[in-house]
Amino acid sequence: MLKRILSFFIPVNIYKQHSTTSQKLEVTWNNGQLVLDSKNTNYSYGSLQRILRKGLHYIGFERIRGFENALVLGVAAGSVIKTLAEEIKFKGKITGVEIDPAAIEIANTYFGLDKITNCDIVIDDAFEFVLKTKEKYDLIIIDIFKDTEMPNFLFEDFWINRINFLLKVNGFILFNTMTLTNQHKERNLSYRSRFSEQYSVRMYPKVEDHNELFTIKKLK
């Protein structure tokens, strides 16, 4: 309790772990809330949870409650899964895919991710999982970072087409991106242009400073 109170004045680190995937992971009390950070950015809870909650709000909580299944690519400590299960009261199946087992260990130990009964966690590379899965999804959340870097494959045609194939008609993609440079902004504009009239694409710039969200609805 004392560390939580102190965190309103200064961040209080309580756990550090080296990760071969994410380099450094830190669990910290910050402004009375437990968060997971990498070396240079917030990985779960804190600002990231606010960003993805906004994206889910744009889609509509009531609409999401009517979905059957959701795929979360990039879990970290599971803040968006907590939002789905506990705040939105989503009762469908949640599949979370995370490449870093250290992040999932932290998620279970410090954030209670393993207590969410309608969630299955798969330790796998998101790219490989997307190639293998035979399911289709009502909601696909893409939140894949290595610290502040985003893998190039997220913006390549093969990946975009495969994700679109896995999305059910009237389903949504929520894609969280980081725009730190003009090149990143141009990359996002190019990404937006790759969707046909079968999709409704909306872009929400400057969500929490450097994040830009996409919501993409499959119309037919």
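Residue 666 in the numbering used here is what sits at position 196 of the sequence shown, and the numbering runs on without skipping anything.
Even glycine gets a Cβ: it sits at the ideal position worked out from N, Cα and C.
Check, Outcome
"Alpha carbon of L683 to alpha carbon of T647, nearest angstrom", "6 Å"
"Whole-angstrom C-beta distance between C589 and G566, which should lie under 8 Å", "6 Å"
"Residues sharing a beta bridge with M648, DSSP", "N681"
"Three-state secondary structure assigned by DSSP to Q503", "strand"
"Option nearest V497 by Cα separation, candidates A555, E575, R632 and I521", "E575"
"Alpha helix (DSSP H) runs wholly inside the segment 587–662, at least 4 long, in chain order", "596–602, 627–636 and 652–662"
"The segment 593–603 touching the segment 613–629, judged by at least three CB pairs closer than 8 Å", "yes"
"N539 versus A572, I551, V482 and F645, residue with shortest Cα-Cα distance", "I551"
"Cβ-Cβ distance between A546 and A572 below 8 Å", "no"
"Span of the alpha helix (DSSP H), counted from its first residue to its last, around S517", "G516 to I529"
"DSSP state of T553 mapped onto helix, strand, coil", "helix"
"Sequence-distant residues of the same chain with beta carbon closer than 6 Å to F665, five excluded per side", "V671"
"Test item: CB-CB of E607 and K638 under 8 Å", "According to the sequence shown, residue 607 is Tyr rather than Glu. Yes. Within cutoff."
"Three-state secondary structure (DSSP) of K486", "strand"
"Nearest residue (CA-CA) to G525, options E667, F635 and L609", "L609"
"Beta-carbon proximity check, L504 vs F581, cutoff 8 Å", "yes"
"Span of the beta strand (DSSP E), counted from its first residue to its last, around A565", "One point to set straight first is that residue 565 is Thr, not Ala, in the sequence displayed. Per DSSP, T565 belongs to the beta strand (DSSP E) from K563 to E568."
"Pairwise C-alpha distance: H680 and L650", "6 Å"
"Paired residues, beta bridge with E496 - DSSP", "K486 and D507"
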